[in-house]
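Only one structure is covered here, and it is reproduced in the block below.
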Ligand SMILES: NC(=O)c1ccc[n+]([C@@H]2O[C@H](COP(=O)([O-])OP(=O)(O)OC[C@H]3O[C@@H](n4cnc5c(N)ncnc54)[C@H](O)[C@@H]3O)[C@@H](O)[C@H]2O)c1
């Protein structure tokens, strides 16, 4: 698929990877439908490239997702690409004896992470794929996973949701392939983003860099390139593209 012939829906489009993908694919000639919960950041995105269509939406709310997807499909000839990028990273051990009164991983945190990283991916994809099929739009669903999907200590909820996203990518590759819709995942490793610096102590991050054969964190544009490959290569389907510098967790 040629980037300049695509209509791309991106969630979590106002920051990090999502913002970079929105700006890059827009300058390559794609029409961008940028969804985010952060209205202020969406305005800043629109200020950078006015032709990007922005939608404030909490994608953990299925009714809101249905409305926004209806709006998008009514305003154009349909979408070819959905990038399920929005996600939150939270750390918590399953049991933390230093934590009182409850030493266990909280249910609230579990539900919060599952809601954004897994349920919302399901809501977005069931809505968009249904419209793509009825509109006869061929294309690709790209789910942003993480190296944590392999099982990262201290991240039960995050790991579980990212493994789920990779598994759903495989199911959808089989179910949607007959309609000309591919489904893939991208799993970044330790990247040089605000999220990484917020979530990991510098000492821990230095340790991961040491374990990375390339001895550095990845850059945001290296994930954007993986998304470009996923859109352009029409035989890439059902697999996870790892962008992690060769680190093993
Ligand atoms: N940053 C990394 O190093 C890294 C590594 C591996 C995987 N990832 C994954 O990449 C994706 C993007 O990460 P990032 O670092 O760019 O994140 P980020 O925090 O910079 O951006 C995420 C965006 O998602 C939006 N968002 C959050 N909850 C939402 C909701 N309920 N509805 C709509 N929008 C919502 C936020 O407002 C934000 O703009 C995530 O899925 C993350 O798990 C990131």
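In my numbering, the protein residues as written are 327 to 575. Yeah, the Cβ is synthetic: ideal placement off N, Cα and C, and Gly gets one too. Only a predicted model underlies this, so the values are computations on that prediction, with no experimental measurement involved.
Practice task
Confirm the yes/no value for this check: CB of residue 362, any heavy atom of ligand 1, distance under 8 angstroms.
Solution key: Correct: residue 362 has its Cβ closer than 8 angstroms to ligand 1.
Exercise for the section: Please find out if some non-hydrogen atom of ligand 1 comes closer than 8 angstroms to the beta-carbon of residue 484. Expected result: Checking every heavy atom of ligand 1 against the Cβ of residue 484, one is found closer than 8 angstroms.
Exercise for the section: With hydrogens ignored, establish whether the beta-carbon of residue 458 is closer than 8 angstroms to any heavy atom of ligand 2. Expected result: In terms of ligand content, the structure shown lacks ligand 2 and carries ligand 1 instead.
Exercise for the section: Under 8 angstroms by Cβ, that's how I've got residue 361 and residue 385 pegged, so tell me the actual separation to the nearest angstrom. Expected result: The pair is a contact, with the Cβ atoms about 7 angstroms apart (cut-off 8 angstroms).
Practice task
Given a cut-off of 9 angstroms, decide if residue 562 and residue 556 are closer than it, judged by their beta-carbon atoms.
Solution key: Their beta carbons are under 9 angstroms apart, which means residue 556 touches residue 562 by this criterion.
Handout entry: residue 538 versus residue 516: straight-line alpha-carbon distance, rounded
Key = If I take the Cα positions, the gap works out to 9 angstroms.
Practice task
Report yes or no: do three or more beta-carbon pairs, one from the region 479-491 and one from the region 537-552, lie closer than 8 angstroms?
Solution key: Contact fails: fewer than three Cβ-Cβ distances are below 8 angstroms.
Problem - Distance cut-off 8 angstroms: residue 448 Cβ against heavy atoms of ligand 1 - result: For residue 448, the shortest C-beta to heavy atom distance toward ligand 1 is 8 angstroms or greater.
Exercise for the section: Report the rounded CA-to-CA distance for residue 431 versus residue 327, giving the unit in angstroms. Expected result: Their backbone Cα atoms lie some 43 angstroms apart in a straight line.
Problem - Which listed residue (552, 559, 558 and 560) has its alpha carbon closest to that of residue 570 - result: It is 552.
Practice task
Return the Cβ separation of residue 340 and residue 371 in integer angstroms, given the expectation that the two are a contact with Cβ distance under 8 angstroms.
Solution key: Residue 340 to residue 371, Cβ: 5 angstroms. Contact.
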